[in-house]
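Residue numbers (the numbering used here), protein chains in the order written: chain G, 323 to 998; chain A, 323 to 998. Glycine included, C-beta positions come from ideal geometry on N, C-alpha and C. In this text the structure is predicted, and so the values were computed from the model without any measurement. Below you'll find the structure, written out as structure tokens, and then a few comments.
Printed below as a string of structure tokens:
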């Protein structure tokens with residue numbers, strides 16, 4: 323035993339870099355080319371090349387290092403984020419990257435969003451969209467050169483998604499040609515805006531506009547909150563940081579109270595509305611476009627804040643699950659890789675399939691949005707309701723599903739998944755926020771439901787509806803035609819099942835709503851009594867579209883048969899997992915029978931074993947660098963234990979002799995010395 | 323507006339303590355006596371009195387304060403936990419409280435488990451259970467007086483639940499009469515033991531025992547790891563802290579490597595096995611009792627680590643949901659309390675019902691365990707398999723359900739739930755660990771499933787089985803007899819539905835297993851191919867027993883009709899929520915028809931509105947003090963916004979001017995001065 327010890331790998335310097343043989347073997351049997359899949363996901367090899375170049379440029383710059391992130395305090399995280407944001411400006415100049423260029427999304431990916439001044443970007447965007455030409459000319463150059471730092475103050479301590487309820491006031495004072503801003507109540511304090519707690523010098527404040535005692539509703543005002551000279555708070559301003567959160571320690575989410583703060587008349591953003599010097603209120607153009615801003619934010623966050631983190635979680639959990647061995651599958655053999663257990667496959671592979679499904683749906687939504695944007699530029703606003711409904715419902719569905727998927731990945735890694743060093747806890751604590759910000763999910767589902775109910779009513783009376791919802795009035799068979807388990811590997815079969823189910827839920831909820839109203843229940847009460855089912859119906863609609871879009875994406879892959887085959891398996895898995903886990907809604911009206919559900923289950927479980935073989939290549943294709951993953955469990959080389967040990971030694975808990983010893987332990991323990 | 327500002331509540335000192343009127347009004351309409359419900363939950367008024375006295379004694383002692391907990395670093399949390407543990411010893415002496423007295427559970431509740439040396443307790447317990455009389459006489463007095471600090475080193479970096487896989491070795495050296503302990507590989511490093519990273523001087527190490535080259539399997543050894551003189555590591559010991567985790571910052575989970583560490587022969591715990599001086603290995607007595615230790619730990623953690631945190635989360639989320647107002651339910655009215663929305667009720671009230679259900683099942687398990695313990699003391703080990711199966715399955719079900727319940731509570735509070743100051747994030751990050759520790763949930767479910775399959779086989783061939791599983795062979799009707807939605811408020815109806823469903827899942831999985839084996843699949847492969855369904859069946863069994871136990875608990879309440887009535891509603895809600903959310907398994911064989919499922923849904927949604935009225939009294943009855951909840955959202959007075967604001971100001975992010983300003987922001991902003 324003694325001799326063996328001296329030859330231990332960990333007594334001889336690091337193994338990091340040499341690939342763990344259990345992981346290496348997984349890569350030798352891929353049924354497809356990982357490089358080709360990566361290129362296809364990126365939209366072509368030239369995109370892959372650009373992405374890799376950008377990521378490398380970021381990662382080789384030590385200022386952007388995330389090496390010690392898991393050990394840092396909230397104050398340290400904030401400081402690092404500011405440092406990175408300021409340095410990034412320089413770097414972008416140096417590299418010739420622009421904010422609106424193709425590189426920015428790769429920069430954001432390489433930094434894992436870990437930088438300050440993201441709200442500054444919203445500040446800038448809101449001025450560009452809502453400001454007059456003069457306002458744009460004045461503020462945008464300052465903002466883009468970081469000569470001021472902006473924030474965006476909308477949400478209040480007592481008011482979130484329901485914007486009409488905001489209480490902050492802006493009263494026009496005709497004598498001085500100023501607006502006087504006030505926080506009339508504690509619940510009116512601005513609360514949560516990023517970059518506001520410690521950084522911002524300016525902010526766009528949303529306030530109820532009063533002119534001559536009349537309220538004109540919410541309007542945006544540019545307000546300076548801190549001195550450019552010494553960063554002290556401006557007169558009438560109370561502001562600070564809202565304290566610790568579940569994640570986003572790097573962001574200084576802040577609070578803001580306004581006490582008789584005066585801004586010149588020119589500081590109300592006035593592309594669409596203006597208060598003229600004599601107090602006349604003028605509204606011009608369409609305000610519908612405001613809708614569109616939220617839509618674009620919701621669509622872009624799906625990829626950046628949700629799908630990419632989910633892909634990371636899958637990469638970490640799946641690589642770890644072929645390195646970790648536990649118990650024996652067969653008596654007498656060595657302990658088995660945990661991914662060889664059906665239960666572990668059933669935890670992780672559906673999440674992997676979902677990551678692909680949501681990657682494709684994010685593409686689909688982006689295309690829909692681009693089409694909508696072109697129409698809007700031609701002053702055609704017809705697509706707005708559909709876009710709003712889609713961005714709301716998919717934001718809600720994808721964030722909810724992915725949050726639970728990341729949690730499954732974390733728990734599937736057992737104790738080590740619970741260590742911050744695995745990278746999984748921070749992915750979870752960050753993604754869970756996506757269920758809340760940019761519209762709380764339940765409210766979003768209900769907005770989608772309202773659209774669907776309207777379309778259903780229209781479609782059933784023969785009126786035209788957007789193509790995505792014509793299925794609501796389509797006639798489908800009453801029974802699923804599948805005869806054996808292989809039939810359930812046909813996209814037509816399962817897509818139709820999803821369509822039938824979504825249509826039924828919308829249909830039956832619409833009927834309940836009508837019944838209630840006809841029985842004398844007031845409309846708003848009836849609506850409230852149906853909301854649990856309405857939210858379920860909206861989710862079912864989004865699930866259906868996601869399955870359909872996945873199947874269509876696979877179909878288009880005919881020129882790449884290797885990739886098409888494995889994508890087909892994932893599509894089948896995503897669809898059958900959904901039926902297996904939501905069996906009730908498919909069985910409810912007998913569309914799928916109990917016997918057919920057994921076929922679904924059989925095919926679903928068979929697929930797990932098939933996809934298992936390609937699990938590692940499928941996550942390798944996401945092409946995350948080790949630095950991006952920042953995970954002791956998920957690195958490319960699979961040196962899990964070595965890395966956990968090396969990283970743990972860097973923890974501040976190992977760098978300091980705790981004062982607790984001298985203060986509390988020593989007095990106790992010294993009593994013992996004589997007794998042992 | 324100016325005048326109004328000067329009169330703001332927050333400009334006039336704190337409102338804390340005066341109850342928010344929206345919350346106060348909820349307490350005036352309770353359908354039952356909160357005080358009576360509290361007393362009943364505690365098991366009698368005398369228990370309530372004792373609990374309150376203990377909690378008060380702890381809370382009025384500033385050493386135990388958790389006031390700044392959300393702002394502290396891992397190092398600070400650790401130091402506070404040690405301080406509290408040492409102080410608690412003094413306090414207990416002072417108050418005449420004993421470790422095994424009735425007070426300890428209340429102490430733990432008052433401290434929210436936030437103290438060091440919990441593993442020291444396991445160290446002590448393992449010596450008491452596994453040590454010889456001499457060993458007990460030597461070590462226990464030292465341990466109970468904290469004259470040494472113990473830990474319990476079982477889990478290794480590469481080995482968790484599968485204990486046979488542990489790699490640490492202990493070789494008997496006959497010449498010196500010592501055991502030589504080694505860590506033969508990096509994956510054999512002890513990893514995770516609490517109190518080991520920085521505190522422990524001694525630990526019980528589990529290692530594979532070798533005598534004369536023969537391996538005798540795992541045995542426990544007492545090993546000193548740190549000097550009692552100066553706390554330095556002993557020769558051959560490498561140890562430290564494993565670094566940051568998702569929670570449990572107050573615990574110094576550690577790692578330990580052993581390099582030719584020698585301990586005397588007397589340090590092997592030898593109640594059941596001994597190595598004699600000549601190297602003869604002697605085994606005595608039954609080792610089955612080892613089983614029982616894990617069983618007791620699993621049963622006791624259900625209440626302390628899972629149900630109480632869930633009750634806290636419900637208290638916080640429900641109180642907040644009657645203070646928070648958002649949007650309008652009826653046009654023209656003021657914004658509505660969010661708990662008046664059906665969707666919010668549907669999020670929170672089933673979790674409240676689950677908290678009660680699990681409180682009762684924890685009682686049930688405790689009784690079962692007490693009965694088992696009495697039998698074991700009479701050397702009757704017959705109940706061990708049932709106890710093991712129950713403790714495994716219920717630990718898995720309750721932790722999984724409650725983790726998701728706490729997450730729902732967190733998300734139901736929107737943005738403010740995401741602030742650490744709400745108390746919800748730390749409840750979540752702590753409870754999620756319970757799915758992993760003391761046996762990973764999937765593995766536990768499968769152990770329960772193995773027991774159920776065995777019992778099913780026995781029962782179907784007429785052999786006797788424990789009373790809790792006789793239902794597996796019972797004949798039940800093929801269709802649920804309910805005719806209208808009110809029938810589903812009958813405990814007989816829904817309990818029978820659960821029973822039918824659980825029996826069917828076990829039955830059908832047993833059949834699949836048999837089919838596979840009969841078709842030539844090897845037994846272990848067949849088992850693996852059924853594990854997804856086996857886990858589902860085990861969960862269904864536990865769900866059924868929980869519903870049944872809830873219904874029986876309600877029945878026994880006949881002398882307290884007020885409480886019985888509201889408990890009946892909660893029992894109905896728990897049961898119908900389970901059918902509604904797992905509709906597939908009830909619809910699968912037609913036991914419940916689609917039309918009946920609509921009745922379930924209708925009754926379920928109706929119940930939400932009924933229980934809504936008593937929601938606040940139902941959480942008040944849990945009787946948590948504000949200090950125990952430690953939540954800005956959940957305090958008894960409901961002064962949510964005031965408290966968030968006051969607490970945020972104490973954050974270190976507001977107490978320091980960030981170096982980021984001088985370093986990064988000032989150089990940028992000073993360029994701007996001339997331009998604005």
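Sequence-distant residues of the same chain with beta carbon closer than 8 Å to residue i, five excluded per side
| i | result |
| --- | --- |
| residue 880 of chain A | 886 |
| residue 291 of chain A | Only positions 323 to 998 of chain A appear in the structure, and residue 291 of chain A is not among them; the question remains open. |
| residue 481 of chain G | 487, 488, 489, 509, 510 |
| residue 681 of chain G | 363, 625, 629, 633 |
Boundaries of the alpha helix (DSSP H) in which residue i is found, first to last residue
| i | result |
| --- | --- |
| residue 559 of chain G | No alpha helix (DSSP H) holds residue 559 of chain G; the beta strand (DSSP E) holding it covers 559-563. |
| residue 637 of chain G | 630-645 |
| residue 832 of chain A | 813-840 |
Pairwise C-alpha distance: residue j and residue i
| i | j | result |
| --- | --- | --- |
| residue 341 of chain G | residue 657 of chain G | 20 Å |
| residue 593 of chain A | residue 453 of chain A | 5 Å |
| residue 338 of chain G | residue 957 of chain G | 9 Å |
| residue 915 of chain G | residue 909 of chain G | 6 Å |
| residue 447 of chain G | residue 419 of chain G | 19 Å |
| residue 521 of chain A | residue 473 of chain A | 9 Å |
Beta-carbon spacing of residue i, residue j below 8 Å
| i | j | result |
| --- | --- | --- |
| residue 468 of chain G | residue 411 of chain G | yes |
| residue 519 of chain G | residue 441 of chain G | no |
| residue 432 of chain A | residue 975 of chain A | no |
| residue 373 of chain A | residue 428 of chain A | yes |
| residue 405 of chain G | residue 436 of chain G | no |
| residue 966 of chain G | residue 567 of chain A | no |
| residue 647 of chain A | residue 713 of chain A | no |
| residue 709 of chain G | residue 617 of chain G | yes |
With 16 other Cβ atoms within 10 Å as the buried cut-off, status of residue i
| i | result |
| --- | --- |
| residue 989 of chain G | exposed |
| residue 735 of chain A | buried |
| residue 324 of chain G | Residue placement at residue 324 of chain G is flagged as unreliable, the pLDDT there being 38, under the threshold of 50; a coordinate-derived value is accordingly withheld. |
| residue 745 of chain G | buried |
| residue 600 of chain G | exposed |
| residue 548 of chain A | buried |
| residue 981 of chain A | exposed |
| residue 934 of chain A | buried |
| residue 923 of chain G | buried |
| residue 760 of chain A | buried |
Extent of the continuous beta strand (DSSP E) run through residue i
| i | result |
| --- | --- |
| residue 597 of chain G | 595-597 |
| residue 495 of chain A | 491-495 |
| residue 537 of chain A | 536-546 |
| residue 475 of chain A | 472-475 |
| residue 317 of chain A | Since the first and last residues shown for chain A are 323 and 998, residue 317 of chain A lies out of range. |
| residue 904 of chain G | Taken as a continuous stretch (DSSP letters only), residue 904 of chain G belongs to no beta strand (DSSP E), as it is neither H nor E. |
Sequence-distant residues of the same chain with beta carbon closer than 6 Å to residue i, five excluded per side
| i | result |
| --- | --- |
| residue 537 of chain A | 530 |
Same chain, Cβ closer than 7 Å to residue i, five either side skipped, listed in chain order
| i | result |
| --- | --- |
| residue 722 of chain G | 757, 763 |
| residue 677 of chain A | 629, 632, 633, 636 |
| residue 385 of chain G | 405, 406, 409 |
| residue 829 of chain G | 778 |
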